[in-house]
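There are 2 protein chains.
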Amino acid sequence: MTAAAETRRDRITKLRGELATHGLDAALLTHAPNIRYLSGFSGSSGMLVVLPEEAGLITDFRYEQQAGEEVDGVAEILVARDGLSSMLAERLKDRSQVRKVGFEAGYVSVRDRRELGERCSSVVWDDLPQTVERLRAVKDADELASIDRAVQVAERALEETLATVDEDVTELELATELRHRLALQGSTGEPFETIVASGERTALPHASPSERSFREGDLLLLDFGATIDGYCSDITRTVVLGTPTPWQREIHARVLEAQEAALAAIRPEGAAADVDRAARASLEAAELGDRFGHSVGHGIGLEVHEGPRLFRKSKDTLEAGNVVTVEPGVYLAGKGGVRVEEDVLVVEAGHRVLTCSSTALREL
Amino acid sequence: MTAAAETRRDRITKLRGELATHGLDAALLTHAPNIRYLSGFSGSSGMLVVLPEEAGLITDFRYEQQAGEEVDGVAEILVARDGLSSMLAERLKDRSQVRKVGFEAGYVSVRDRRELGERCSSVVWDDLPQTVERLRAVKDADELASIDRAVQVAERALEETLATVDEDVTELELATELRHRLALQGSTGEPFETIVASGERTALPHASPSERSFREGDLLLLDFGATIDGYCSDITRTVVLGTPTPWQREIHARVLEAQEAALAAIRPEGAAADVDRAARASLEAAELGDRFGHSVGHGIGLEVHEGPRLFRKSKDTLEAGNVVTVEPGVYLAGKGGVRVEEDVLVVEAGHRVLTCSSTALREL
Chain A
39 MTAAAETRRD
49 RITKLRGELA
59 THGLDAALLT
69 HAPNIRYLSG
79 FSGSSGMLVV
89 LPEEAGLITD
99 FRYEQQAGEE
109 VDGVAEILVA
119 RDGLSSMLAE
129 RLKDRSQVRK
139 VGFEAGYVSV
149 RDRRELGERC
159 SSVVWDDLPQ
169 TVERLRAVKD
179 ADELASIDRA
189 VQVAERALEE
199 TLATVDEDVT
209 ELELATELRH
219 RLALQGSTGE
229 PFETIVASGE
239 RTALPHASPS
249 ERSFREGDLL
259 LLDFGATIDG
269 YCSDITRTVV
279 LGTPTPWQRE
289 IHARVLEAQE
299 AALAAIRPEG
309 AAADVDRAAR
319 ASLEAAELGD
329 RFGHSVGHGI
339 GLEVHEGPRL
349 FRKSKDTLEA
359 GNVVTVEPGV
369 YLAGKGGVRV
379 EEDVLVVEAG
389 HRVLTCSSTA
399 LREL
Chain B
39 MTAAAETRRD
49 RITKLRGELA
59 THGLDAALLT
69 HAPNIRYLSG
79 FSGSSGMLVV
89 LPEEAGLITD
99 FRYEQQAGEE
109 VDGVAEILVA
119 RDGLSSMLAE
129 RLKDRSQVRK
139 VGFEAGYVSV
149 RDRRELGERC
159 SSVVWDDLPQ
169 TVERLRAVKD
179 ADELASIDRA
189 VQVAERALEE
199 TLATVDEDVT
209 ELELATELRH
219 RLALQGSTGE
229 PFETIVASGE
239 RTALPHASPS
249 ERSFREGDLL
259 LLDFGATIDG
269 YCSDITRTVV
279 LGTPTPWQRE
289 IHARVLEAQE
299 AALAAIRPEG
309 AAADVDRAAR
319 ASLEAAELGD
329 RFGHSVGHGI
339 GLEVHEGPRL
349 FRKSKDTLEA
359 GNVVTVEPGV
369 YLAGKGGVRV
379 EEDVLVVEAG
389 HRVLTCSSTA
399 LREL
């Protein structure tokens, strides 16, 4: 068994421990990132059932070989011939000691829950505790290495792409270029739709790239990421084409101050809500609080949005090993906006910024 | 109001008609492709509530401007400040005639369903009939034009990409090239993960591109698609590097025969299951039935898998205006596989194949 498989076996053991304290006999995982975290399986069709003495990865014939290679003995591979839940029912049938099973209420549809109830009629279903999500929020060395590489890949692609910016290039063209550079650098997928916005469109926090061409004096906002071994990076930079105007310099400087304030609030046992509050207070002091409509950040890992959540009402507490984005922004409708997003690791001493590229207002 | 907006208004009217026959006072749509189909809104955060006399598109502040532009008067834009479902509750509060609301049981998680129950405590929730899915399965002229363009874009990208194939290119490199060509041709997103498999890996129906380099004599299987205006294409071609061996020729010929048989079964009022059966019978006659493990096809449109479903136990009936894939395959473990996938429109006279590129076993 490889070291990676040992790690996954340990994670499953931790989950089993929590099941016992919640009075659950077993766990059914259906959320793909949770399945991947516990078993290594990265296919799109799977269920992981964790029983007291065994674990089974149910998939369909398309993924039989891949599942065997990826799961590497951590769970038995069960190939469903007639739907995953009918295979699950078959598996549970002879295990009469398994009565109470935890399921992921946030990821199972009402229809699928009904089907589980019908097929596994002797099972009592209850909510699975957030054990896997909590484990996932604290990254180990291998996970950090993957995220680090995802950050480096994204930053290299950014540098190459910025070198191609010119007047008359469109947002869509630059987004296509950036996506290609990400893939050439080794990113195996896009964790989210790449955002390239220019001019007044930078004031839209979620602009899809359009046919708009760049013009002298434009702000350019790029929000993008890479995926390495399933782990994401998520970076935003705002630059200017030519010489920035005073208002562009002004809001960019205020965003950087908000970011400094947010970073200073990041430390183990700190409240996630305080990070958001720090950025917001900084922008409010500059009378820009109402131009910052979204939360300051979120965890990244196997998903581009995961725990801990950095928003005003978050109840999460930071821990060493969390990796979060810090992304304050200021958006002036009809004029333009600035957002700067760093990927940040929580360490014992406070925080370490993983992103290396300059956050200054670069003039292209 | 634009013609596109009129079309969407008509679709909402049809949905209202079905609500009445099901004893529902309103519909809550949460599945993004259904929301887009009815309202035009393409953002990732939305709910569409269809009431007897009005419709509301609930989104968050990030999509306020985009929603206004896309929805174009078909529904009122409601910007949620504190979560979409709390805005929904507020909206329903003053409308006491709205008691029974249909929701999409296949797309609402158990947790979200609970939240709806708590927030909208006077509502009786029931399953929404599959009206929108049924409407979506029959494409109008504008939708067909988008799918046609998605097919053309994909085929142009394929031709450009095949011209770059050489020994020592890896699957990952060719997949990156193909994805870039798709984007340069105008595809705004990848409907699914591009598959490039070579050699014995072509026997894996869902192979992720690997670091394997191509070698003389390899089969090469490419399964990919483009997205235009939200509409997908989905095409597979299998080619050979050099001169094919007899077994490669043999299984390719049998796959083409299975495809001919499947196409011949496509006509209005035909059973979707018969299309699958025809392909399967053809391969069984060649003693290859057990090497064809997946279903023969599926509808494409705003989603890459939608109705009608072409599998053995499908209860769907074909209608003029359906667009489906036809993708028989033969997979010989450890040796290699062949799949050929066409996109096909059901027309009054039978069918029309939308894909133009040759299905012959091309020698590169």
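As given, the protein sequences belong to chains A and B, one line each in that order. Residues in the first sequence are numbered from 39 upward in steps of one, following my numbering. Residues in the second sequence are numbered from 39 upward in steps of one, following my numbering. Even glycine gets a Cβ: it sits at the ideal position worked out from N, Cα and C. Remember, predicted model here, so these are calculated numbers, not experimental data.
Legend entry - Within chain A, the residues that B/Q103 reaches when beta carbons sit closer than 7 Å: In the second sequence, the residue the question calls residue 103 of chain B occupies position 65. By Cβ distance, chain A contributes L242.
Legend entry - Start-to-end residues for the alpha helix (DSSP H) that takes in B/E56: The residue labelled residue 56 of chain B in the question sits at position 18 within the second sequence. Here the alpha helix (DSSP H) through B/E56 covers 41-59.
Inset, instruction - Using the Cα positions of B/A192 and A/E215, report the straight-line distance between them to the nearest angstrom. - result: Numbered from 1 along the second sequence, position 154 holds the residue referred to as residue 192 of chain B. Numbered from 1 along the first sequence, position 177 holds the residue referred to as residue 215 of chain A. Their backbone Cα atoms lie some 18 Å apart in a straight line.
Inset, instruction - Give the straight-line distance between the Cα atoms of B/M85 and B/S160, rounded to the nearest whole angstrom. - result: Taking the second sequence and counting its residues from 1, one reaches residue 85 of chain B at position 47. Taking the second sequence and counting its residues from 1, one reaches residue 160 of chain B at position 122. If you draw a straight line from the Cα of B/M85 to the Cα of B/S160, it is about 19 Å long.
Inset, instruction - Mind checking the stretch 233-264 of chain B against chain A and listing, in chain order, the residues whose C-beta falls within less than 9 Å of any C-beta there? - result: A241, L242, P243, H244, A245, S246, P247
Inset, instruction - Compile a chain-ordered list of the residues in the stretch 131-147 of chain B whose CB is closer than 7 Å to at least one CB of chain A. - result: The stretch 131-147 of chain B vs chain A, Cβ under 7 Å: A143, G144, Y145, V146, S147.
Inset, instruction - Answer yes or no: does any C-beta atom of chain B fall closer than 8 Å to that of A/R157? - result: Taking the first sequence and counting its residues from 1, the one referred to as residue 157 of chain A is at position 119. With 8 Å as the cut-off, A/R157 does not count as an interface residue toward chain B.
Inset, instruction - Note down the Cα distance separating B/P229 from A/G374, rounded to an integer number of angstroms. - result: Residue 229 of chain B sits at position 191 when you count from the first residue of the second sequence. Residue 374 of chain A sits at position 336 when you count from the first residue of the first sequence. Using only the alpha carbons, I get a separation of about 31 Å.
Inset, instruction - Compare the C-beta of A/F330 against all C-beta atoms of chain B and say whether one is closer than 8 Å. - result: In the first sequence, residue 330 of chain A corresponds to position 292, counting from 1. No, its Cβ sits nowhere closer than 8 Å to a Cβ of chain B.
Inset, instruction - Could you name the residues of chain A that B/L222 contacts, counting a contact when the two beta carbons are closer than 7 Å? - result: Indexing the second sequence from 1 puts residue 222 of chain B at position 184. Neighbours of B/L222 on chain A, chain order: T214.
Inset, instruction - Look up A/H218 in the DSSP assignment and say whether it is helix, strand or coil. - result: On the first sequence, residue 218 of chain A is found 180 positions in, with the first residue counted as 1. Three-state result, A/H218: helix.
Inset, instruction - Note down, in chain order, every chain B residue with its Cβ under 7 Å from the Cβ of A/R149. - result: In the first sequence, the residue the question calls residue 149 of chain A occupies position 111. Here the neighbours are A143, G144.
Legend entry - Outcome for A/P243 when other beta-carbon atoms lying within 10 angstroms are tallied against a minimum of 16: Here the question's residue 243 of chain A lines up with position 205 in the first sequence. So A/P243 ends up on the buried side.
Legend entry - C-beta atoms of A/E249 and A/T208 nearer than 8 Å: As a first step, residue 249 of chain A must be located in the first sequence, where it is residue number 211. As a first step, residue 208 of chain A must be located in the first sequence, where it is residue number 170. Yes.
Legend entry - Contact belief for B/A65 with B/L182 at Cβ below 8 Å, rounded distance in angstroms: Here the question's residue 65 of chain B lines up with position 27 in the second sequence. Here the question's residue 182 of chain B lines up with position 144 in the second sequence. Going by Cβ atoms, the distance from B/A65 to B/L182 rounds to 26 Å, so no, they are not a contact pair.
Legend entry - Strand pairing of B/S236, partner residues [DSSP]: Numbered from its first residue, the second sequence carries residue 236 of chain B at position 198. DSSP, once it has assigned bridges, lists B/L258 as partnering B/S236.
Legend entry - A/R377 versus B/A105 - alpha carbon distance: Within the first sequence, residue 377 of chain A is the residue found at index 339, counting from 1. Within the second sequence, residue 105 of chain B is the residue found at index 67, counting from 1. A/R377 and B/A105 have their C-alpha atoms roughly 22 Å apart.
Inset, instruction - Report the three-state DSSP secondary structure of B/L66 (helix, strand or coil). - result: Counting from 1 along the second sequence, the entry for residue 66 of chain B is found at position 28. Assignment of B/L66 by DSSP, reduced to helix, strand and coil, places it in the strand class.
Inset, instruction - Put A/R74 into one of helix, strand or coil per three-state DSSP. - result: Working through the first sequence from its first residue, we reach residue 74 of chain A at position 36. Residue state, collapsed to three classes: helix.
Inset, instruction - Please list the residues of the stretch 84-100 of chain A that have a C-beta atom closer than 8 Å to any C-beta atom in chain B, keeping them in chain order. - result: F99, R100
Legend entry - Contacting residues, own chain, Cβ-Cβ under 6 Å from B/S352 (five flanking each side not counted): Along the second sequence, read from residue 1 onward, the residue named residue 352 of chain B stands at position 314. Correct list, in chain order: A310, A311.
Inset, instruction - Using alpha carbons as the reference points, say which of A/G111, A/R157, A/R390 lies closest to A/L76. - result: Counting from one through the first sequence, the residue named residue 76 of chain A turns up at place 38. Of A/G111, A/R157, A/R390, the residue nearest in Cα terms is A/G111.
Legend entry - A/K177 (DSSP reduced to helix, strand or coil): In the first sequence, residue 177 of chain A corresponds to position 139, counting from 1. The answer is coil: DSSP assigns A/K177 none of H, G, I, E or B.
Legend entry - Residue environment, B/G55, which counts as buried when at least 16 other CB atoms sit within 10 Å: Position 17 of the second sequence, counting from 1, holds the residue named residue 55 of chain B. With fewer than 16 Cβ atoms within 10 Å of its Cβ, B/G55 is classed as exposed.
Legend entry - Per-residue DSSP class, three states only, for A/A188: Numbered from its first residue, the first sequence carries residue 188 of chain A at position 150. In the structure shown, A/A188 sits in a helix (DSSP, three-state: H, G or I).
Inset, instruction - Have a look at B/S142 and B/A43 and give me their C-alpha separation to the nearest angstrom. - result: Translated into the one-based positions of the second sequence, residue 142 of chain B becomes position 104. Translated into the one-based positions of the second sequence, residue 43 of chain B becomes position 5. Correcting the residue type first, residue 142 of chain B is Glu in the shown sequence and not Ser. Using only the alpha carbons, I get a separation of about 23 Å.
Legend entry - Cβ pair count under 8 Å reaching 3, the stretch 110-127 of chain A against the stretch 150-158 of chain A: yes
Inset, instruction - Identify the contact partners of A/H218 in chain B, using a Cβ-Cβ distance below 8 Å as the criterion. - result: Counting from 1 along the first sequence, the entry for residue 218 of chain A is found at position 180. Below the 8 Å Cβ cutoff, chain B contributes T214, R217, H218, A221 as neighbours of A/H218, in chain order.
Inset, instruction - Going by CA-CA distance only, name the one from B/A302, B/V342, B/T226 that's closest to B/D272. - result: Reading the second sequence from its first residue, position 234 is the one you call residue 272 of chain B. Nearest C-alpha to B/D272: B/V342.
Legend entry - Cutoff 7 Å; reference B/D186; Cβ partners in own chain excluding five residues on either side: Position 148 of the second sequence, counted from the start, is the residue given in the question as residue 186 of chain B. Closer than 7 Å at the Cβ level, and outside the excluded window around B/D186, lie L392.
Legend entry - Run of the alpha helix (DSSP H) containing B/A387, from where it starts to where it stops: For the purposes of this step, residue 387 of chain B is taken as residue 349 along the second sequence, with counting starting at 1. No alpha helix (DSSP H) holds B/A387; DSSP gives it neither H nor E.
Legend entry - Distance CB(A/G331)-CB(A/E238) smaller than 8 Å: Locating residue 331 of chain A in the first sequence gives position 293, counting from the first residue. Locating residue 238 of chain A in the first sequence gives position 200, counting from the first residue. Going by C-beta atoms, A/G331 is not nearer than 8 Å to A/E238.
Inset, instruction - Mind checking who A/K138 pairs with in its DSSP beta bridge? - result: Mapped onto the first sequence, residue 138 of chain A falls at position 100. Answer is A/V162.
Legend entry - Terminal residues of the alpha helix (DSSP H) in which A/P284 lies: Counted from its first residue, the first sequence places residue 284 of chain A at position 246. Under the DSSP assignment, A/P284 falls in the alpha helix (DSSP H) whose first and last residues are 284-302.
Legend entry - Integer Cβ distance of A/G335 from A/V313, believed to fall under 8 Å: Taking the first residue of the first sequence as 1, we reach residue 335 of chain A at position 297. Taking the first residue of the first sequence as 1, we reach residue 313 of chain A at position 275. Rounded to the nearest angstrom, the Cβ distance from A/G335 to A/V313 is 7 Å, consistent with a contact under 8 Å.
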